[in-house]
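Student: Chains A and B are the protein sequences, given in the same order. Adding 138 to a residue's 1-based position in the first sequence gives its number in this note's numbering. Adding 9 to a residue's 1-based position in the second sequence gives its number in this note's numbering.
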Amino acid sequence: MNRLTHSQKTRVCFPPLTLMQMTNPLCTGTMASGEEDRTVEEKETNNKKRTKGAIATAWLTFYNIAMTAGWLVLAVAMVRYYLQKGTHKGLYKNIARTLTFFQTFALLEKYRDFRCCFWCFKGIVRTSVIVIGVQVCSRIFMVWFITNSIRQIQNEESVILFVVVWTITEITRHSFYTFNLLNHLPYFIKWARYNMFIVMYPLGLIGELLTIHAALPYVRRSGMYSLRLPNKYNVSFDYYYFLIIVMLSYIPLFPQLYFHMLRQRRRVLHGEIVVEKDE
Amino acid sequence: MKHYEVEILDAKTKDKLCFLDKVEPNATIGEIKSMFHKSHPQWYPARQSIRLDPKGKSLKDEDVLQHLPVGTTATFYFRDLGAQISWVTVFLTEYAGPLLIYLMFYFRVPFIYAPKYDFTTSKHWVVHLACMCHSFHYVKRLLETLFVHRFSHGTMPLRNIFKNCTYYWGFAAWMAYYINHPLYTPPIYGEQQIRLALIVFLFCQIGNFSIHIALRNLRPPGSKTRKIPYPTKNPFTWIFLLVSCPNYTYELGSWLGFTLMTQCLPVAAFTLVGFIQMTVWAKGKHRSYLKEFRDYPTLRSPILPFIL
């Protein structure tokens, strides 16, 4: 078995790869066998990279603390609302703006990771890029194009389900990154990050799918976001069928995401270094 | 004459897979692959990647044993490239699809549009023109695959055929559906737009064909030599002065012409995606030209003169 050490694996890519590796679970370091000319360049500019790395660390730490705090605020708001009103009706409307803000802001992070991943592993591992894209897209899509656009479904239980799941997942994830960056990681946070997803991911999936399903009749009736023929662009788009395709696409995509996380978990918690099969 | 001994190890597990003794010094890698195939019949030569270093580049079939940096006992590493399929097969399949699929939509075969439109024809003459152009384009591609192109590699991984066919067939169906739709809207600027589009389309088709012929003539039959392409007497090849991969430039032009002719957003999308892919390929080709030839003309850009 090819036993590359962690530092060996991370050195082939443009920094902050160590940070990126920590902060982006979907960008693993196993695709380390990069092009030969990279190692020469990399030796020459090592010092420049180190300073860049320090600034990036500071920014990332601040960012993760802010995100942890933001999602905590959201969690508290939700709990307070429920305790005061005794029902989940109207809860989404209450937190919609904060949720939209933090979820969209996370797009920045994922875009940066996507670019880094894309340039580092150009062509070598397409699946990682697709998986990142899926995660980003599905969250943004849910918030902007389903729950925020279709008022009638905002009181569904499934909405609360996936919002709760996202909140728990994000708090765990960002506090994990924060502590990691501060080099002071308590074991229970690491445990939470790599174990809670086992339950959270399927629950989130159920919440999202049920929400889209609940939205279907309203979409059909209103014909929203749809374009009919004839028109001068000679194209048509039916949001209703698009949503059905989205729901079906969860079938191939979710297992990939889930198994990727399971592999990450095995690697981190059990210290195994698994060499991915080259494509 | 000293004979070589060749041992072939698995690149990942380092297991000894094969040992060949009494190998001629002037044996090529291709011949060694055939010998390896005899002891491991499931790995036909096309799916073998033989290298000097487990993580290094694949050796070419033409490389001769005695010219390689190996001792009299040569150690090679083997990687399985997976099931392979010939380039010709892939090209024929991926081009035959759009040709037939488009025609199905053109003739309004049942179950596509409402039943009252089955087997009817469009009242817009641009739709007939578009069908002719689209069909011409793919017939040209099929004929070029059979008679013009000289491929460097014999095979590609099998899964590529599924990927490529999904792309070509999928887009062909999407475009054809709207162009041949009973509610199709012809171009805004009418005859003028269509005429201009047709001229652009034909010009680029001839250009694309000229480039393919010029590239074919660079390479003697059965060889895999690489030379810098230069403009010939054919004016359509003069674009070589400015561009490394003018076949892609002309291809882009053809599809822009077709987009203008049909005024159809799916066609524009297809043109855009194709352009992105061809730019990636052109940049790669341009880079390898620069690496391989010291005297490569500096005025040339990969795909768009001076721009890209």
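Positions of the beta carbon are idealized from the N, C-alpha and C atoms, including for glycine. Note that the structure is predicted; figures quoted are calculated from it, not measured.
Using a beta-carbon distance below 8 angstroms, is H328 (chain B) in contact with chain A?
Tutor: Given a span of 10 to 317 for chain B in the structure shown, any question on residue 328 (chain B) remains unanswerable.
Student: May I have a chain-ordered list of the alpha helix (DSSP H) segments no shorter than 4 residues that lie completely inside the stretch 31 to 72 of chain B?
Tutor: Counting whole runs of 4 or more residues, the stretch 31 to 72 of chain B contains the alpha helix (DSSP H) stretches 38 to 48.
Student: Just to confirm, is the Cβ distance from V297 (chain A) to T225 (chain A) under 8 angstroms?
Tutor: Position 159 of the first sequence, counted from the start, is the residue given in the question as residue 297 (chain A). Position 87 of the first sequence, counted from the start, is the residue given in the question as residue 225 (chain A). Contact: no.
Student: Could you tell me which uninterrupted alpha helix (DSSP H) segments, each at least 4 residues in length, are contained entirely in the stretch 230 to 291 of chain B, listed from first to last along the chain?
Tutor: Whole alpha helix (DSSP H) segments, 4+ residues: 255 to 271.
Student: Under a three-way DSSP split, which group does T194 (chain B) fall into?
Tutor: For the purposes of this step, residue 194 (chain B) is identified with residue 185 of the second sequence, where counting begins at 1. In the structure shown, T194 (chain B) sits in coil (DSSP, three-state: anything other than H, G, I, E or B).
Student: Return the chain-ordered list of same chain residues with a C-beta closer than 8 angstroms to the C-beta of Y305 (chain B), the five sequence neighbours on each side being excluded.
Tutor: Sequence index remark: in the second sequence, residue 305 (chain B) carries index 296 (1-based). Counting only Cβ-Cβ distances below 8 angstroms, and skipping sequence neighbours, we find I237, Y298, L299.
Student: Got a sec? Which residues, its chain only, sit under 7 angstroms from P314 (chain B) by beta carbon, not counting five neighbours each side?
Tutor: For the purposes of this step, residue 314 (chain B) is taken as residue 305 along the second sequence, with counting starting at 1. Result list for P314 (chain B): L251, V252, in chain order.
Student: Check each candidate in B:M270, B:K47, B:Q93 and name the one with the smallest Cα separation from H133 (chain B).
Tutor: Taking the first residue of the second sequence as position 1, residue 133 (chain B) is located at position 124. Ranking the options by Cα distance to H133 (chain B), first place goes to B:M270.
Student: Considering only C-alpha positions, which residue in the set A:L237, A:V373, A:R250, A:W197 is nearest to W183 (chain B)?
Tutor: Looking up residue 183 (chain B) in the second sequence gives position 174. Checking every option, the nearest Cα to that of W183 (chain B) belongs to A:V373.
Student: For the alpha helix (DSSP H) that E346 (chain A) lies in, which residues bound it at each end?
Tutor: Your numbering for residue 346 (chain A) matches position 208 in the first sequence. E346 (chain A) -> alpha helix (DSSP H) spans 335 to 360.
Student: Using a Cβ-Cβ cut-off of 6 angstroms (strictly less than) and excluding sequence neighbours within five positions of Y180 (chain B), which residues of its own chain qualify?
Tutor: Within the second sequence, the letter at position 171 stands for residue 180 (chain B). Just to set this straight, residue 180 (chain B) is Phe in the shown sequence, not Tyr. Excluding sequence neighbours, F180 (chain B) sits near F279.
Student: T268 (chain B) touches chain A at which residues, Cβ-Cβ below 7 angstroms?
Tutor: Position 259 of the second sequence, counted from the start, is the residue given in the question as residue 268 (chain B). Correct list: empty, because the minimum Cβ distance to chain A is about 11 angstroms.
Student: Would you mind stating whether Q57 (chain B) and K149 (chain B) have Cβ atoms separated by less than 8 angstroms?
Tutor: As a working mapping, residue 57 (chain B) is identified with position 48 in the second sequence. As a working mapping, residue 149 (chain B) is identified with position 140 in the second sequence. In this structure, K149 (chain B) does not lie closer than 8 angstroms to Q57 (chain B) by Cβ.
Student: Spell out a yes or no on whether the stretch 125 to 140 of chain B and the stretch 155 to 174 of chain B are touching, meaning 3 or more CB-CB pairs, one atom from each, closer than 8 angstroms.
Tutor: Cβ pair count under 8 angstroms is below three, so no.
Student: Rounded to a whole number of angstroms, what is the C-alpha to C-alpha distance between Q273 (chain A) and T84 (chain B)?
Tutor: Along the first sequence, read from residue 1 onward, the residue named residue 273 (chain A) stands at position 135. Along the second sequence, read from residue 1 onward, the residue named residue 84 (chain B) stands at position 75. Each residue's Cα considered, the two are about 45 angstroms apart.
Student: Kindly indicate the opening and closing residues of the beta strand (DSSP E) around T82 (chain B).
Tutor: For this step, residue 82 (chain B) is matched to residue 73 along the second sequence. Unbroken beta strand (DSSP E) run through T82 (chain B): 82 to 89.
Student: Could you name the residues of the same chain whose beta carbon sits closer than 7 angstroms to that of Q290 (chain A), not counting the 5 residues immediately before and after it, in chain order?
Tutor: In the first sequence, the residue the question calls residue 290 (chain A) occupies position 152. These residues qualify, in order along the chain: Y356.
Student: Let me check one thing: in DSSP terms, what residues is P368 (chain A) bridge-paired to?
Tutor: Position 230 of the first sequence, counted from the first residue, corresponds to residue 368 (chain A). DSSP, once it has assigned bridges, lists no residue as partnering P368 (chain A).
Student: Considering only residues of the same chain and omitting the five flanking positions on each side of S219 (chain B), which have a CB-CB separation below 7 angstroms?
Tutor: Counting from 1 along the second sequence, the entry for residue 219 (chain B) is found at position 210. Closer than 7 angstroms at Cβ, skipping near neighbours: N243, F245, T246.
Student: From which residue to which residue does the beta strand (DSSP E) around M165 (chain B) run?
Tutor: Counting from 1 along the second sequence, the entry for residue 165 (chain B) is found at position 156. That run of the beta strand (DSSP E) goes 164 to 166.
Student: Just to confirm my understanding: we take M287 (chain B), look at its own chain, exclude 5 residues before and 5 after, and list those with CB closer than 8 angstroms. What are they?
Tutor: Taking the second sequence and counting its residues from 1, one reaches residue 287 (chain B) at position 278. Here the set comprises C254, Y257, E260, L261, I312.
Student: Quick check on DSSP: helix, strand or coil for S144 (chain B)?
Tutor: Taking the first residue of the second sequence as 1, we reach residue 144 (chain B) at position 135. Reduced to three states, the DSSP call for S144 (chain B) is helix.
Student: Does the stretch 70 to 77 of chain B come close enough to the stretch 134 to 148 of chain B that 3 or more CB-CB pairs lie under 8 angstroms?
Tutor: The stretch 134 to 148 of chain B, when compared against the stretch 70 to 77 of chain B, does not touch it at the 8 angstroms Cβ threshold.
Student: Around the Cβ of A291 (chain B), are there at least 16 other Cβ atoms within 10 angstroms (buried) or fewer (exposed)?
Tutor: Here residue 291 (chain B) is taken as the residue at index 282 of the second sequence, counted from 1. A291 (chain B) is buried by the Cβ-count criterion.
Student: Using 8 angstroms as the threshold, is the C-beta distance between Y219 (chain A) and N232 (chain A) below it?
Tutor: The sequence position of residue 219 (chain A) within the first sequence is 81, counting from 1. The sequence position of residue 232 (chain A) within the first sequence is 94, counting from 1. Contact flag set, yes.
Student: Using the beta-carbon count (16 or more within 10 Å), is L386 (chain A) buried or exposed?
Tutor: Taking the first sequence and counting its residues from 1, the one referred to as residue 386 (chain A) is at position 248. It counts as exposed.
Student: Anything in chain A within Cβ reach of T194 (chain B), meaning under 9 angstroms, just list it in chain order.
Tutor: Position 185 of the second sequence holds residue 194 (chain B). Chain A residues near T194 (chain B): L367, P368, N369, K370, Y371, N372.
Student: Examine chain A for any beta-carbon lying closer than 8 angstroms to the beta-carbon of P275 (chain B), and answer yes or no.
Tutor: Locating residue 275 (chain B) in the second sequence gives position 266, where the first residue counts as 1. Closer than 8 angstroms: yes.
Student: Could you compute how far the alpha carbon of V211 (chain A) sits from the alpha carbon of L245 (chain A)?
Tutor: Counting from one through the first sequence, the residue named residue 211 (chain A) turns up at place 73. Counting from one through the first sequence, the residue named residue 245 (chain A) turns up at place 107. Distance between the alpha carbons of V211 (chain A) and L245 (chain A): 19 angstroms.
Student: In the DSSP assignment, what residue or residues form a beta bridge with V15 (chain B)?
Tutor: The sequence position of residue 15 (chain B) within the second sequence is 6, counting from 1. Beta-bridge pairing links V15 (chain B) to B:L29, B:A83.
Student: Using a threshold of 8 angstroms, state whether the C-beta atoms of L151 (chain B) and Y86 (chain B) are closer than that.
Tutor: For this step, residue 151 (chain B) is matched to residue 142 along the second sequence. For this step, residue 86 (chain B) is matched to residue 77 along the second sequence. Cβ atoms of L151 (chain B) and Y86 (chain B): not closer than 8 angstroms.
Student: With DSSP collapsed to three states, give me the class of Q292 (chain A).
Tutor: In the first sequence, residue 292 (chain A) corresponds to position 154, counting from 1. Reduced to three states, the DSSP call for Q292 (chain A) is coil.
Student: Can you have a look at V282 (chain B) and say buried or exposed, based on whether 16 or more other CB atoms are within 10 angstroms of its CB?
Tutor: The residue you call residue 282 (chain B) lines up with position 273 of the second sequence. Answer is exposed; the Cβ neighbour count stays below 16.
Student: Short of 6 angstroms in beta carbon distance, which residues of its chain neighbour A213 (chain A), apart from the five on each side in sequence? Order them along the chain.
Tutor: Position 75 of the first sequence holds residue 213 (chain A). Result list for A213 (chain A): T305, in chain order.
Student: What are the boundary residues of the beta strand (DSSP E) that includes S95 (chain B)?
Tutor: Reading the second sequence from its first residue, position 86 is the one you call residue 95 (chain B). It spans 93 to 95 - the beta strand (DSSP E) in which S95 (chain B) sits, taken as one unbroken run.
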